[in-house]
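Only one structure is covered here, and it is reproduced in the block below.
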Amino acid sequence: MADLSVESSVGSRAGAAPLQQMQRPRERRMKPGCHRPTSYGNVAQHLPVYIFYPTPSANPVEPSPLPYLNSAPPGAAASHAAAARLPTIRFRLALLVLSCVLPAAIVSAFLIYDHYRVERASLLGEAMATARSMMSIVDRDFDTVITALRTLSVSDDLEEHDLAEFRRQASNVHAILPITEIVLYDPATRRQLLNTAAAPASPLDPGNPELLQHVVRTAQPMVSGMYRGAGGAATITVAVPVLRDGAVRFILAAQVRPAALNPILAEQKIPASWRAAILDPGIRIVARNRDIEQFRGQLPRPEVVARVRQQPEDTFESLTVDNLEVVTLYSRSIKSGWTVMLGVPHGNLTAGLLRTLQSLIIATVVLLAVGLGMAWLVGGRIAHSVHALIGPATALGAGRAVAAPAVDFREAQQVADSLARAALALDEARGRADQELLERRAAQEALQAADVRKDEFLATLAHELRNPMAPLVNALELMRLPGRAGPPPANVLEIMERQLRQMVRLVDDLLDVSRITTNKLGIRYDTVVLQDVVAHSLETSGPLLQQRRHALAVHLPEQPVHLTGDATRLAQVFSNLLNNAAKYTPNGGRIALHALLREGRVRIEISDNGIGIAPGALPHVFDIFFQADRSLGRAQAGLGIGLSLARRLVELHGGVLTASSAGEGLGSTFAIDLPLAQADAQPVKVGDAGDAPIATLRVLVADDNVDHANTLRALLLAAGQTVNVCYDGLSALRCAEAFAPDIAFLDIGMPRLDGYELARRLRADPNLAGCTLVAVTGWGQEKDQQRSRAAGFDRHIVKPLQLAQMKALLRERAALVETADQGSSRTA
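full-length UniProt numbering puts the first residue of the sequence shown at 1, with every later residue one more than the last.
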């Protein structure tokens, strides 16, 4: 097949290009053998056209042989070697099984461990509640003994010192309490006066002197720790003072054996593997559910003792006195100082977790074994079908007949059918090759003809431009003829005006074609009504809004809102923004247009709930040709000029267009801020009092553009005015001080002294306070107008200054002068 070359629309040629370029002419990247065309005017500057044509060959009609059909393609051996290093289907399926089973096993292990933590916390919480309950029972039993002793302490028999009768009462109390004896002490003699466990005549033990002294000092009941009594037996003393006249007269004490606390441990039904103990205020073991005789009176391990002394309750890991690893929980009574301690073995906490994890591991291994086995079997079936397709593919590459192989799954059968269809299509392609080659040669000839037409277009354009220029040049030469005096003939002026108008129209047509890229937009400033402009834009955008089924809400002021601008261009702005919102909002969305008046301006917001704008794209939405990725196709996304054009139009109206968005998927808002028209603003009409004479005024013209200053001076002189012209700001200031003008037309960007500073100095001169200052400048944005007003200008006119505008300003100033003169005459 012949190579293809490519030619641009202006006829430039390059080297050969492959066939694939003909199939992808819309790609943005420049391909080898491809040139960007020169322009057909301004439009083609942004519309590249790539033109392909075949390079003539020795035999352009007959197709070239296809060598790849009869030989192996280059690099086939390397390709086979690379394929041998690729993983097999069975390996991929094994990875699939692993990727399914292992994550599930990991998640299951995590959930099991999380469940273990919850269960552990719950178990330890219940154990702490049990310790608190047991501590409450210990305090309750001690309180029972204290209450009984207090009851005995107010006995009348004790008051009357009838010890025999008091002994009988104490013996009755002794019989119903879990105590060994009740003793009456005399703190003065530190001896027992009565003991229910001894005969009346028996000698009595003096008791525990330190305990007695503590009760005397505090005059409060107390429970001692465990200690060895006179007989060597372990005991616990519960003592209360007997008060007479506010002083401790006697001490009643009950002796409690440590064994009396054992039922408290038994009643709680603590698991046999747990360790439970009751400790006295000295943190000695008093009662224990295991091996109490071995450990009674001993202290727990030092680290346990230190933790118990630090705070009333805690949970921590430690060793018991019998060397068992446990989680220790304890609760110490603030009132009595006694402590109940529980030890939960680690095995009780982790046994369930270990059993569950073991089951999970077994299940995971079984699932992996089954899954890998299935992957091996299924992978073998798939590999067999894929290998069966190698033969037809090789036959297709060699140009031989393709036979459909027997395969085991649908996708492989579809590939086999596709290979067969490709073989048929290849045969048909061979038949079309000659025809396509002929068509390409015809296309080449057509493109060459288009190149000729392009040259003709440029020649015609030059001709059309020269046609009106020739009469203009002739008229100028006619006016320069020697010996000629007076104004030029009227027919010469008419010819010049007509030809100039024709040239302007031609240039305007060309500029209209390229106005989007060059921003050369014509604006006609009139007083327009916002409500009418919005209504016109809705007529334009209505079909697209209805097509997309958008809900549109319009909120405008009831009273007419007057603006100064071009109604067509303003409607174009609103239509662009409404269309933009409609395109980038999913069907059935909400769009709102809201106008708000404030401080001589109107703010119009067009918001939607569409796809929004990414933060990184927001600063560039008004750039020419910029398009953010908004999930739309090229046909719908446009050329990326609408927003740039809208912003330029708004700026030409002295306004500001801004965009905001909370982010992608959160909608967008475009806000237009425009100045309101002046209350007395009226459209300037050509011919209004145009022929009426204008009173003679003193006029100052200052502009560093000499041609503009002199032509403006000529117009003013023709209107019967007295004119002084200056070409820089400093000269204009000196002239104004001597000339005292009634009105001054001042440029802004002048050397030596700019127009702003000149206006400020003229306003500071009391002799020139009544002078009307008019800024005539090329700067026309709102900020420029604000600066001119701040400097003291009365009017801000954007160049060129129209004759009607100039006459209107002169008449306005003449009327002010006449009014001032009439006021002065009446005063005189």
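Glycine is no exception: its CB is placed at the ideal position from the N, C-alpha and C atoms.
Check                                                                                                                                                                                              : Outcome
Between the C-alpha atoms of residue 261 and residue 163, what's the straight-line distance to the nearest angstrom?                                                                               : 31 Å
Whole angstroms are fine: how far does the CA of residue 265 sit from the CA of residue 161?                                                                                                       : 41 Å
What does the Cβ neighbour count give for residue 912, buried or exposed, with the cut at 16 atoms within 10 Å?                                                                                    : The first residue shown for the chain is 1 and the last is 828, placing residue 912 beyond what the model contains.
Just to confirm, is the Cβ distance from residue 388 to residue 370 under 9 Å?                                                                                                                     : no
Which residues does DSSP list as the beta-bridge partners of residue 314?                                                                                                                          : 330
Secondary structure at residue 686, three-state DSSP: helix, strand or coil?                                                                                                                       : Residue confidence is low: residue 686 scores 31 on pLDDT, short of 50, so the model does not pin down where it sits. Its coordinate-derived value is still stated next. Residue state, collapsed to three classes: coil.
By Cβ distance, which residues of its chain are closer than 6 Å to residue 116, with the 5 residues on each side in sequence left out?                                                             : 353
Looking only at DSSP bridge pairs, what is residue 185 linked to?                                                                                                                                  : 192 and 251
So, residue 570 versus residue 606, is the Cβ gap smaller than 9 Å?                                                                                                                                : no
If I follow the unbroken beta strand (DSSP E) through residue 224, where does it start and stop?                                                                                                   : Careful: residue 224 lies outside any beta strand (DSSP E) and carries neither H nor E.
Give me the Cα-Cα distance between residue 443 and residue 435, rounded to the nearest whole angstrom.                                                                                             : 12 Å
Take residue 722 and list the residues in its own chain whose beta-carbon comes closer than 8 Å to its own, dropping the five residues that flank it on each side.                                 : 696, 697, 698 and 699
What is the DSSP secondary structure of residue 668, counted as helix, strand or coil?                                                                                                             : strand
Can you tell me the Cβ-Cβ gap for residue 234 and residue 296, rounded? I've got them flagged as a contact below 8 Å.                                                                              : 7 Å
Could you pull out every residue in the same chain whose Cβ sits closer than 6 Å to the Cβ of residue 329, ignoring the five residues on either side in sequence?                                  : 127, 128, 131, 315 and 342
Short of 8 Å in beta carbon distance, which residues of its chain neighbour residue 276, apart from the five on each side in sequence? Order them along the chain.                                 : 134, 265, 268, 270, 288, 289, 340, 341, 342 and 343
Inspect the CB distances between the region 146-159 and the region 375-386 and report whether three or more fall short of 8 Å.                                                                     : no
At the level of alpha carbons, what is the spacing between residue 562 and residue 528?                                                                                                            : 6 Å
Please go through the same chain and pick out, in chain order, the residues whose beta-carbon is closer than 7 Å to the beta-carbon of residue 337, but skip the five residues on each side of it. : 281
Should the region 291-311 be called in touch with the region 241-248, which here means at least 3 C-beta pairs below 8 Å?                                                                          : no
Nearest to residue 813 by alpha carbon, out of 792, 774 and 791?                                                                                                                                   : 774
Over what stretch of residues does the alpha helix (DSSP H) that includes residue 115 continue unbroken?                                                                                           : 89-153
Suppose you measure from the CA of residue 660 to the CA of residue 539; what does that come to, to the nearest Å?                                                                                 : 26 Å
With a cut-off of 8 Å on the beta carbons, I'd call residue 781 and residue 654 a contact; round off their distance for me.                                                                        : 7 Å
Compute the Euclidean distance between the alpha carbons of residue 816 and residue 740, then round it to the nearest angstrom.                                                                    : 16 Å
Give the range of the alpha helix (DSSP H) segment to which residue 591 is assigned.                                                                                                               : Careful: residue 591 lies outside any alpha helix (DSSP H), inside the beta strand (DSSP E) at 590-598.
From the DSSP output, read off the bridge partner residues of residue 806.                                                                                                                         : Partner(s): none; residue 806 has no beta bridge.
Could you tell me whether the Cβ of residue 748 comes closer than 9 Å to any Cβ of chain D?                                                                                                        : Reference to chain D is not applicable here, since this structure consists of a single protein chain.
Do you know offhand how far residue 703's Cα is from residue 555's?                                                                                                                                : 46 Å
Just to confirm my understanding: we take residue 551, look at its own chain, exclude 5 residues before and 5 after, and list those with CB closer than 6 Å. What are they?                        : 590
Given a threshold of 16 other Cβ atoms within 10 Å of its Cβ, counted over all protein chains shown, does residue 147 qualify as buried or as exposed?                                             : exposed
Quick one: what's got a C-beta closer than 6 Å to residue 545's C-beta in the same chain, skipping five residues either side?                                                                      : 552 and 582
Per DSSP, which one or two residues make a beta bridge with residue 604?                                                                                                                           : 595 and 672
Spell out the partners DSSP gives residue 796 in its beta bridges.                                                                                                                                 : 775
Determine the extent of the beta strand (DSSP E) in which residue 576 is found, giving its start and end residues.                                                                                 : Careful: residue 576 lies outside any beta strand (DSSP E), inside the alpha helix (DSSP H) at 567-583.
Does the separation of the CB atoms of residue 248 and residue 187 fall below 9 Å?                                                                                                                 : yes
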